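In the working numbering, the protein residues as written are 13 to 195. Data block below; observations after.
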């Protein structure tokens with residue numbers, strides 16, 4: 013299943029090509045300013061030098077190609093040459109429905125040739141156990157199960173905190189009881 017960002021990027025890359033520019037300029041990222049738009053494209057800024065045009069002019073040309081977009085509600089060129097993109101609500105609905113019917117609910121493909129090792133914290137054995145110790149264990153175990161569900165090979169390792177005192181006491185007692193062993 014394609015990611016939402018890939019859908020948008022394909023549409024914007026095609027608009028750059030239709031306007032006579034390189035498709036590679038159609039890189040889309042989530043917006044840093046959610047009050048202005050949901051996604052943005054800075055390709056016009058990158059293409060200005062190559063095509064000897066003002067970035068805003070390039071952004072305006074590309075935005076005009078996106079006016080009849082099936083997935084974008086608005087493609088707004090803004091100074092100095094950004095392209096602010098807002099999705100149609102129907103696009104989000106379609107994407108969620110597709111996710112519901114996709115294998116693993118759109119979680120993505122696994123990489124079976126790799127092994128994922130998750131080392132997560134367990135309780136500190138030198139202190140009393142309390143509910144706060146559960147957080148790291150729950151997060152680690154959840155990640156392990158999610159990765160396994162998507163087909164990955166996963167090894168989970170719980171790191172037990174602060175074994176120093178206990179090991180020191182055991183070794184001291186062993187040394188006292190069996191002084192001939194190599195320490």
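Yeah, the Cβ is synthetic: ideal placement off N, Cα and C, and Gly gets one too. The model shown is predicted, which means the values in this text are computed figures rather than measured ones.
Within the same chain, 33, 56, 59, 60, 63 and 93 come within 7 Å of residue 70 by CB-CB distance, once the 5 residues on both sides are set aside.
Residue 26 is not a Cβ neighbour of residue 97, given a cutoff of 9 Å.
Minimum Cα-Cα distance from residue 95 among the listed residues 114, 153, 184 and 49 corresponds to 49.
Assigned with DSSP and collapsed to three states, residue 135 falls in strand.
Around the beta carbon of residue 103, 16 or more other beta carbons sit within 10 angstroms, so the residue counts as buried. Residue 36 places its beta carbon 9 Å or farther from that of residue 77. Membership of residue 29 in the alpha helix (DSSP H) is indicated by the continuous run 16–30. Residue environment analysis places residue 154 among the exposed positions, since fewer than 16 neighbouring C-beta atoms fall within 10 angstroms of its C-beta. Annotation: residue 100 is outside any beta strand (DSSP E) and is labelled neither H nor E by DSSP. Judged by DSSP in its simplified three-state form, residue 178 adopts helix. Secondary-structure assignment with DSSP links residue 171 through a beta bridge to 133. Unbroken alpha helix (DSSP H) runs of no fewer than 4 residues, entirely contained in the region 47–95, are found at 55–63 and 67–77, following chain order.
Assigned with DSSP and collapsed to three states, residue 127 falls in strand. Residue 162 has its alpha-carbon roughly 7 Å from the corresponding atom of residue 116.
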